[in-house]
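Asker: Dropping the structure in here first, questions after.
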Amino acid sequence: MAKILVVDDAAFMRMMIKDILTKNGMEVVGEAADGAQAIEKYAELKPDLVTMDITMPEVDGIQALKQIRASDPQARVIVCSAMGQQAMVIDAITAGAKDFIVKPFQADRVVEAVQKALR
Numbered sequence: 001m002a003k004i005l006v007v008d009d010a011a012f013m014r015m016m017i018k019d020i021l022t023k024n025g026m027e028v029v030g031e032a033a034d035g036a037q038a039i040e041k042y043a044e045l046k047p048d049l050v051t052m053d054i055t056m057p058e059v060d061g062i063q064a065l066k067q068i069r070a071s072d073p074q075a076r077v078i079v080c081s082a083m084g085q086q087a088m089v090i091d092a093i094t095a096g097a098k099d100f101i102v103k104p105f106q107a108d109r110v111v112e113a114v115q116k117a118l119r
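The sequence shown runs 1 to 119 under full-length UniProt numbering.
Shown next, in the form of structure tokens:
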């Protein structure tokens, strides 16, 4: 079973993603509310995959992605963004993100992105 770390500054968004993932047979092993927490939790939990919000306080998703990939080049991260953040999505892909999901989340798109990244 895939172990996933969910990172988003909005508790509601974390809950939505967690719900989609657990209903599709994946295990959410941790949550983080900002990039700094994400980096700590990644090192501690060693998840198979991270869903990472881009826009967060303190350390944003792109910075967290870069730091996680620097410590683990094999890290699989999918970034989540709201509509109209194409430039940030391109930055994230350049920084090593496997895929991106647009908010508001569509369950089948989330599952597809996660399964593809885990292959």
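Beta carbons are placed, not taken as given, at the ideal position from N, Cα and C, and that holds for glycine.
Since the structure is predicted, the reported quantities are computational estimates derived from the model, not experimental observations.
Looking only at its chain, what residues have a beta carbon closer than 7 angstroms to the beta carbon of methionine 1, apart from the 5 residues adjacent to it on each side?
Answerer: Correct list, in chain order: Gly25, Met26, Glu27.
Asker: Measure from the alpha carbon of leucine 118 to the alpha carbon of each residue in Thr51, Arg14, Gln67, Ile62, then state which is nearest.
Answerer: The option with the nearest alpha carbon to leucine 118 is Thr51.
Asker: Alpha carbon to alpha carbon, what distance is there between leucine 49 and methionine 16?
Answerer: Answer to the nearest angstrom: the Cα atoms are 17 angstroms apart.
Asker: For serine 81, does the count of other Cβ atoms within 10 angstroms reach 16, so buried, or fall short, so exposed?
Answerer: Buried: at least 16 other Cβ atoms inside 10 Å.
Asker: List the whole-angstrom C-beta distance separating isoleucine 4 from valine 110, where the pair is believed to meet the contact cut-off of C-beta under 8 angstroms.
Answerer: Actually they are not in contact, since the Cβ atoms of isoleucine 4 and valine 110 sit about 11 angstroms apart, beyond 8 angstroms.
Asker: Use the C-beta contact count for glutamate 58: other C-beta atoms within 10 angstroms, 16 or more gives buried, fewer gives exposed.
Answerer: Answer is exposed; the Cβ neighbour count stays below 16.
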